[in-house]
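In my numbering, the protein residues as written are 23 to 172.
Written out as structure tokens, the structure is:
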């Protein structure tokens, strides 16, 4: 996707405040959990606008957070009781079901040796995966999660 492009020192793939935050992504939510599994944009400080029914935003569990910590801007909210079934993917999957187990040979082609995520602690389990390709062309996946699977 970007391998033939001149790449600046910083590349922003997703900005929730942009006009089309998921323009470079495909989104998948679990259709069997319509109230609990969805992706939406909302204001971090107010959790508004409320998503359409039957979707219901989870509340923060655990110690109450400092109200000054919330961002007064739009954020991307991904929510699901099952981590494997609700996700965003880039480059976007064209056709197919978009499932994470499908083989894909599409790459972003970014050459940066680092990634930065800004995530709010919701006192819930969450995970992310990043596909990587080394200089020899070997592919791998880095999985990071707040829980262990044995």
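We put the beta carbon where it would ideally sit given N, CA and C, even for glycine.
Here the structure is a predicted model, which means the values were calculated and not measured.
Asked                                                                                   : Found
DSSP state of residue 106 mapped onto helix, strand, coil                               : helix
DSSP state of residue 101 mapped onto helix, strand, coil                               : strand
Delimiting residues of the beta strand (DSSP E) encompassing residue 65                 : 60-65
Pairwise C-alpha distance: residue 74 and residue 97                                    : 17 Å
Distance between residue 76 and residue 95 (C-alpha atoms, nearest Å)                   : 24 Å
Neighbour-count burial assignment, residue 51, 16 or more Cβ in a 10 Å radius           : buried
Contact under 9 Å by Cβ, residue 151 with residue 160                                   : no
Cβ contact (3+ pairs, closer than 8 Å) linking the segment 41-58 and the segment 96-113 : yes
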